[in-house]
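Sequential numbering of the sequence shown, starting at 272, is according to this note's numbering.
Note that beta-carbon positions come from the ideal geometry of N, C-alpha and C, so glycine has one too.
Treat the numbers as computed from the prediction; the structure is a model and nothing was measured.
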Amino acid sequence: MTHSKLATYVSHSPNHSGKRNHKIDTLTPHYMDGNLSIETCAAIFRPTSRRASSNYGIGSDGRIGVYVEEENRAWTSGSSANDNRAITFECANLSGGKLTDACWNSLVKLCADICKRYGYKGVYYCGRADYSKLPSGYMLLTMHKWFQSTDCPGPWLSKQFSNLAKDVNAYLGSGKTPTIAPANNTHGGKLSVDGHCGFNTVLDMQHQLGTYEDGVVSGQWVGHRQHIWAIESVTWEGSGSQMVKALQKRVGASVDGLWGRETSTKLQKYLIKRGYSCGDAGADGYFGHCSVKALQRCLNDAKL
Ligand SMILES: [Zn+2]
272 MTHSKLATYV SHSPNHSGKR NHKIDTLTPH YMDGNLSIET CAAIFRPTSR
322 RASSNYGIGS DGRIGVYVEE ENRAWTSGSS ANDNRAITFE CANLSGGKLT
372 DACWNSLVKL CADICKRYGY KGVYYCGRAD YSKLPSGYML LTMHKWFQST
422 DCPGPWLSKQ FSNLAKDVNA YLGSGKTPTI APANNTHGGK LSVDGHCGFN
472 TVLDMQHQLG TYEDGVVSGQ WVGHRQHIWA IESVTWEGSG SQMVKALQKR
522 VGASVDGLWG RETSTKLQKY LIKRGYSCGD AGADGYFGHC SVKALQRCLN
572 DAKL
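Below, the structure is given as structure tokens:
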């Protein structure tokens with residue numbers, strides 16, 4: 272019997288398959304398509320004739336209920352493969368599928384709590400159920416409508432998955448209650464200026480450079496590591512990155528997709544010229560915490 276301490280209500284549904292056949296590495300938020308209380312949702316999942324359930328329900332008041340314990344596979348997403356590896360949530364919604372701030376904040380905190388308890392650094396969203404690019408130590412966010420003919424998680428929540436990843440990862444990093452209400456675009460939140468170029472900072476770079484948004488600087492050359500040592504969301508197979516190519520074009524560096532000394536120097540010059548100080552060392556070709564802070568301020572001003 273494993274569930275989050277954030278839950279204040281337990282009402283077990285008989286509708287599940289028992290123990291999972293896969294480790295938990297996925298989170299699947301659904302919408303109720305109605306503003307149901309967690310008690311009403313529990314009552315819907317109670318009859319065996321219903322043949323549906325979820326691990327958790329979250330009400331518009333922000334209260335969290337447990338219907339299926341985390342070790343068991345719930346019947347939520349119309350996919351055995353997904354539900355064997357995912358913890359699933361049913362979220363109450365207002366008109367247009369919108370979640371209240373209280374419901375959203377509880378969803379963020381519950382996702383963060385699950386990450387912590389299962390030893391994950393954060394959550395990752397790439398717009399499809401593709402585990403091949405999942406950075407190690409992250410959980411994947413998936414949507415019900417990828418597996419079944421449904422509009423779930425609805426018109427509003429479907430557009431908030433990037434924000435959800437951002438808020439959960441920010442919450443895990445800072446331990447602070449999320450205070451940013453989700454925006455209507457996919458990149459409404461501000462970055463915290465912490466000097467660490469992780470998932471969210473890379474996601475904003477990709478957004479402002481107009482390249483594919485997955486929160487990772489992929490394909491870098493490990494020999495350049497010292498020149499990009501504060502870039503934390505990075506993979507090293509050496510084939511280059513479209514985002515880095517776009518960045519190199521923007522700052523006037525040679526375009527090969529591999530971020531090294533020249534790209535770091537040119538980007539530092541670009542930032543300094545626009546009033547974002549990279550610290551005492553200036554444009555030294557080593558992209559450290561001071562340079563990342565300058566980059567984060569620049570991204571928050573949407574000036575990259
Ligand atoms: Zn659903």
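Taking only the alpha-carbon atoms, compute the straight-line gap between residue i and residue j and give it to the nearest angstrom.
i, j, result
"N576", "G289", "This structure does not reach residue 576, given that the chain is present from 272 up to 575, and the question cannot be answered."
"D304", "R344", "22 Å"
"V464", "S284", "44 Å"
"R291", "E341", "9 Å"
"A363", "G349", "19 Å"
"A552", "G328", "51 Å"
"D401", "M514", "20 Å"
"E533", "D384", "41 Å"
"E503", "T319", "47 Å"
"S535", "K461", "23 Å"
Which residues in the same chain as residue i place their Cβ atom closer than 7 Å to its Cβ, once the five residues preceding and following it in sequence are excluded?
i, result
"T421", "H415"
"T297", "N353, R356, A357, M410, L411, T413"
"R321", "N286, I315"
The alpha helix (DSSP H) with residue i in it runs from where to where?
i, result
"P300", "First-last for P300: 297-302, but that is the beta strand (DSSP E), not the alpha helix (DSSP H)."
"K516", "513-522"
"N292", "Element bounds for N292: n/a, residue is neither H nor E."
"R388", "372-388"
"Y541", "532-544"
Could you tell me the boundaries of the beta strand (DSSP E) in which residue i lies?
i, result
"M410", "409-412"
"T472", "Taken as a continuous stretch (DSSP letters only), T472 belongs to no beta strand (DSSP E), being part of the alpha helix (DSSP H) at 470-480."
"T359", "357-362"
"H560", "Segment 560-571 is the alpha helix (DSSP H) holding H560; no beta strand (DSSP E) there."
"A313", "No beta strand (DSSP E) holds A313; the alpha helix (DSSP H) holding it covers 309-316."
Quick one: residues in its chain with C-beta nearer than 6 Å to the C-beta of residue i, no 5 flanking neighbours on either side, listed in chain order?
i, result
"K369", "W427"
"L575", "Q479, C569"
Could you name the residues of the same chain whose beta carbon sits closer than 8 Å to that of residue i, not counting the 5 residues immediately before and after it, in chain order?
i, result
"G333", "T371, A373, C374, N376, S377"
"R317", "S282, S284, P285"
Using beta-carbon positions only, say whether residue i and residue j come within less than 8 Å of one another.
i, j, result
"G466", "Q491", "no"
"N306", "S275", "no"
"V439", "C397", "no"
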